[in-house]
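Trainee: Handing you a structure now.
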Amino acid sequence: MKHIYLCLWSTLLVQCLHAQHHIVSTAEALNKALKEATPGDTVVMADKVWTDTEIRFYAEGAPGKHIVLKAETPGGVILNGTSRLIMAGKYLHTEGLWFREGNTEGKPVITFRKNKEEPAFYSRVTNCAVTDYNPDDRSLQYQWVELWGQHNRVDHCTFSGKTNQGPVLIVGLKDNKINLENHHRIDNNLFGHRPPLGANGGETIRVGTSHTSLESSRTVVEENLFERCNGEVEIISNKSCDNMYRNNLFIESEGGLVLRHGNRCLVEGNIFLGNRKPHTGGIRVINEGHIVQNNLLAGLTGDGFRSPLVIMNGVPDGPLNRYNQVKDVTIQHNTFINCAPLELGAGSDEERTSTPVNTIFANNLFYTENSENIFRVLDDISGICFSGNKVQGPAEISVKGVDPVELSWKNLEVYPIPLSDSLLVAEPSARPVRTDITGTVRTRTRAGAVIPGNEKVPLALRIRPGVTWMPEKKPDTPDAEVPEALKVVKVAPGRNTLEKAVKKAGDHTVLQLEKGIYEIDKGMAVTDKITIRGTGSSETVIRPAKGSTPDYFFRVAHGKALTLKGVALDAGKEAPVKYGIISPTVPGSLAYRLIIDDVYFHGFTQKTGAIFKAYKGTFADTIRITNSRLENSQRGLNLSYEKDDKGKYNAAVIAIRNTLFKNLGQFAIYYYRGGNDESTVGGQLDIDHCVFYNVDNHEKGRMLRTRGIVYVNLSNSVIAGSPDIRHPAVLQGPKNRMTNMLIYKSGTVKLTGGAVSGTILHSDPLWKDTLNFDPGEGSPLKNAGTDKTDIGLLGNKDLR
């Protein structure tokens, strides 16, 4: 026995002596060490910033003897510029690297192949991070991680801040049959905030493509956290067969897990927490043979393709890149808590006419405090068999096989669980479920994802995703809200005093203006997140200096924010300023933000000018205007330059409240989205308590041009003073709505595509005057708003 131990010790000693440990500090030394590495070797990158470093990790390890590339200290190796990692070979292991604020100019940041013929096998990337690795132009497409080959793994990594087109991570099946049946594993990663892209291509994970969608991938995506992944409607886009998505946690993400193409996937044990945030979605089902079970969905508000659960219609005999019919799908033992309605037969139109068939919807549990129907049925659903489903709450039930119950519940830390076992009795389906969402064995069939009374925590809530070291937290949006203790700089009236102050201002500086006139010679570039605050729009005036002809007053840079409050922007008379505020003038990858409060814009009368202009390829996460006046100008807000008709648009949300648009030669708002892309939210315009008076007063004029914008909400507002106009606005689609409006001798708002209209008045508003637009005695505007205040401007009342 002693002899055997000595032999084993000798063997281990020989292996250790042969394994090399190299510390490198230059790109040349790094790639030389990797080229010469043999099974069991470790190459250590020295802690420092590595710029424009292409890591060529081409090597052949062996089972139990991976070749390791690692950081000297996890997170201590920072790669930027055009740095990237290419892995090809077998049994390779990379860990601890941080790719931060670089730009690969169209190439993947991390890829598991050298070329189409030389992928990686049995290789791993772990404890690494990619953050804010974006190009200057958001339309430049590349992925951060590409998985090729077979049996590779990405785990315990952190990804956040992707702003350009292309998914964060893809599994590639094309180019080589070796990429099929790949058995990749993507687990325990943190997929952090991804802001809205405003175009197709903003997925977080995509497995396959439509062209390879009938091939098996056998990829496992499990125990990951998706937090505010808002790039587009498809957070996970499945486009291949036989994949598993299990025990993942989705938090406040504006999209869903979408079985877009491919068949026979398992979606199990996932938790979706919307926290009542807008557009938060769940699971969308397309194609054949899927199982969706033991998932918990709570507080999801999304509609349409972002609904908590969507069962699509298909295209008969359609091409691979369209929608196949839902067939042989089982949806069972899921729990929905205070969610928006589920959509059945979604996408039904002249093309998508194949309704779901041979589909089981069984033993699901709903808890709701809302009285609306739990289903939104858009086509024939006779091919869906409902059985054993239970609903508690005042919701309408329009489907057989869905029964009301009155349960007792217990609130756990994250979600409530039912306690009433006997009321959830159900019959097992043709595909019985062995456990509940916590992994506890089901001894009896009960509706819902959780066995009644089971307080065990589901695996999706016990995961510890992401790197073991924590990258520094960056703001997710150019938040213009100003904390109290920030630097306030007083700026005196005069010529160029404001120009100089804006140029010197750092992030979150408040420029406090006095009563008086501020003259400028040049347009001011806002390159930080700043607030400019005057004493009131009738007292603090910004205007061009005599003899000066600036093209604009303010230009907001990518990723920055301007808050403008209590000032007037006077364009001048002799040679008026063309624009009040403009977006960046070139495409970029970061969203900007614009907040306007108590601002008086006037005199922007140049023929092609506007009070605000957004340039092509730019994107605002928010444009908010309150308590302001936009008057005596050619155009109001112009966001109309995305004319490629690929579904792009220039702002995620435009919200306007208690604001006057008066005496405008053309439109008040031109907010354009062309094409038929269904992957984005599609833009949102909210107008509340506004007045449009004498705007685009021509027969074919349009006060509001909102072509293609999905969400348009007009409320408590007045359209008047434009007797020649026929249609001041055209609302298109079921999510375009208006209510509690007064339209007086200014045409009619045209409704198409299921647009919704509520109470509309057409009588004389009986204003005291058309300066302040206060309702006079007997005015129909008084107390006629949805909020019981006056329709129209609110004056000095509650403006927020």
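So my numbering is basically just the index in the sequence shown, starting at one, shifted up by 8.
We put the beta carbon where it would ideally sit given N, CA and C, even for glycine.
What is the DSSP secondary structure of GLY312, reduced to helix, strand or coil?
Mentor: Helix.
Trainee: Beta carbon of VAL549, beta carbon of ALA576: below 8 Å?
Mentor: Taking 8 Å as the Cβ cut-off, VAL549 and ALA576 qualify as a contacting pair.
Trainee: According to DSSP, is ILE631 part of a helix, a strand, or is it coil?
Mentor: If DSSP states are grouped into helix, strand and coil, ILE631 belongs with the strands.
Trainee: Please state whether DSSP places ALA438 in a helix, a strand or coil.
Mentor: Of the three classes helix, strand and coil, the one that applies to ALA438 here is coil, per DSSP.
Trainee: Take HIS818 as the anchor and find which of HIS29, ASP60, VAL176 and ASN321 has the nearest alpha-carbon.
Mentor: Nothing can be reported for residue 818: it is not among the residues displayed for the chain, which extend from 9 to 808.
Trainee: Please report the straight-line C-alpha distance between THR865 and PRO349, rounded to a whole angstrom.
Mentor: No statement about residue 865 is possible, as the shown extent of the chain runs from 9 to 808 and does not include it.
Trainee: Quick one: what does DSSP say GLU44 is sitting in, helix, strand or coil?
Mentor: Residue state, collapsed to three classes: helix.
Trainee: Look at ARG713 and HIS735 and say whether their C-beta atoms are less than 8 Å apart.
Mentor: It is not a contact, given that the beta carbons lie outside the stated cut-off.
Trainee: Does DSSP put THR363 in a helix, a strand or coil?
Mentor: In the structure shown, THR363 sits in coil (DSSP, three-state: anything other than H, G, I, E or B).
Trainee: Please classify LEU494: is it buried, with 16 or more other beta-carbons within 10 angstroms of its beta-carbon, or exposed?
Mentor: Answer is exposed; the Cβ neighbour count stays below 16.
Trainee: May I ask which residues mark the beginning and end of the alpha helix (DSSP H) holding GLU507?
Mentor: GLU507 -> alpha helix (DSSP H) spans 505-512.
Trainee: So if DSSP puts PHE344 in a beta bridge, which residue, or which two residues, is it bridged to?
Mentor: According to DSSP, which records beta bridges pairwise, PHE344 is partnered with LEU305 and PHE374.
Trainee: Taking only three categories from DSSP, how would you classify ASN160?
Mentor: Of the three classes helix, strand and coil, the one that applies to ASN160 here is coil, per DSSP.
Trainee: Between which two residues does the beta strand (DSSP E) containing HIS201 stretch?
Mentor: First-last for HIS201: undefined, no H or E at that position.
Trainee: If I measure Cβ to Cβ from LEU317 and keep anything under 6 Å in the same chain, skipping five residues before and after, which residues do I get?
Mentor: Counting only Cβ-Cβ distances below 6 Å, and skipping sequence neighbours, we find GLY290, ILE291 and LEU350.
Trainee: If you check the beta carbons only, do GLY682 and GLY716 fall under 8 Å apart?
Mentor: In contact: GLY682 and GLY716 (Cβ atoms closer than 8 Å).
Trainee: Based on DSSP bridge pairs, tell me the residues matched to TRP106.
Mentor: Answer by DSSP bridge pairing, in chain order: ILE86 and ALA137.
Trainee: Could you pull out every residue in the same chain whose Cβ sits closer than 6 Å to the Cβ of ASN142, ignoring the five residues on either side in sequence?
Mentor: For ASN142, where only same-chain residues beyond five positions count, the Cβ hits under 6 Å are THR171, ASN172 and SER597.
Trainee: Which same chain residues end up closer than 6 Å to ASP798 when comparing Cβ atoms and leaving out the 5 residues on each side of it in sequence?
Mentor: PRO783, LEU789 and LYS790, listed in sequence order.
Trainee: Apart from the five residues on each side of it in sequence, which residues of its chain come closer than 6 Å, Cβ to Cβ, to PHE107?
Mentor: Only LEU87, VAL117, VAL138 and TYR141 meet the Cβ criterion.
Trainee: Where does MET478 land, buried or exposed, given buried means 16+ other C-beta within 10 angstroms?
Mentor: Under this definition MET478 is an exposed residue.
Trainee: Is it buried or exposed for VAL720, if we count other Cβ within 10 angstroms and need 16 for buried?
Mentor: Classification of VAL720: buried, given that the 10 Å Cβ count is 16 or more.
Trainee: Is the closest heavy atom of the ligand GDP to the C-beta of ARG442 under 7 Å?
Mentor: As presented, the structure is devoid of all ligands, the ligand GDP included, so that no description of it is given.
Trainee: Pick from LEU267, TYR253 and ILE213: whose alpha carbon is nearest that of SER221?
Mentor: SER221 has its Cα closest to that of LEU267, out of LEU267, TYR253 and ILE213.
Trainee: Cβ of ASN190 within 8 Å of Cβ of CYS165?
Mentor: No, they are not a contact pair.
Trainee: Alpha carbon to alpha carbon, what distance is there between ILE664 and ALA792?
Mentor: Answer to the nearest angstrom: the Cα atoms are 19 Å apart.
Trainee: Under 7 Å Cβ to Cβ from LEU113, same chain only, skipping five residues before and after it: list those, please.
Mentor: It should be noted that the sequence gives Glu, not Leu, for residue 113. Only THR90 and PRO143 meet the Cβ criterion.
Trainee: Three-state secondary structure (DSSP) at LYS98?
Mentor: Note: LYS98 maps to strand in three-state DSSP.
Trainee: I'd like the ranges of any beta strand (DSSP E) spanning at least 3 consecutive residues and lying wholly in the segment 507-560.
Mentor: Listed in chain order, the complete beta strand (DSSP E) runs (minimum 3 residues) inside the segment 507-560 are 518-521, 524-528, 532-534, 537-541 and 548-552.
Trainee: Suppose the cutoff is 8 Å on Cβ atoms and the five residues either side in sequence are ignored; what does the same chain contact list for LEU506 look like?
Mentor: Excluding positions up to five away in sequence, the list reads VAL499, LEU519, LEU521, TYR526, ILE528, MET532, ILE540 and ILE550.
Trainee: Helix or strand or just coil, what does DSSP make of ASN39?
Mentor: Reduced to three states, the DSSP call for ASN39 is helix.
Trainee: Nearest by alpha-carbon distance to SER168: which of SER648, ILE213 and GLY502 is it?
Mentor: Checked all of SER648, ILE213 and GLY502; the closest Cα to SER168 is ILE213.
Trainee: Checking 8 Å against the spacing of the C-beta atoms, do ASN302 and ASN342 come in under that value?
Mentor: Yes; because the gap between Cβ atoms is below 8 Å, this pair is in contact.
Trainee: On the DSSP letters alone, give me the boundaries of the beta strand (DSSP E) that ILE799 sits inside.
Mentor: That residue, ILE799, is in no beta strand (DSSP E); it is neither H nor E in DSSP.
Trainee: Out of ALA438, ASP704, ARG454 and ASN462, state which residue places its alpha-carbon closest to the alpha-carbon of THR448.
Mentor: Among ALA438, ASP704, ARG454 and ASN462, the Cα nearest to that of THR448 belongs to ASN462.
Trainee: Rounded to a whole number of angstroms, what is the C-alpha to C-alpha distance between THR338 and GLY174?
Mentor: Rounded to the nearest angstrom, the two C-alpha atoms are 31 Å apart.
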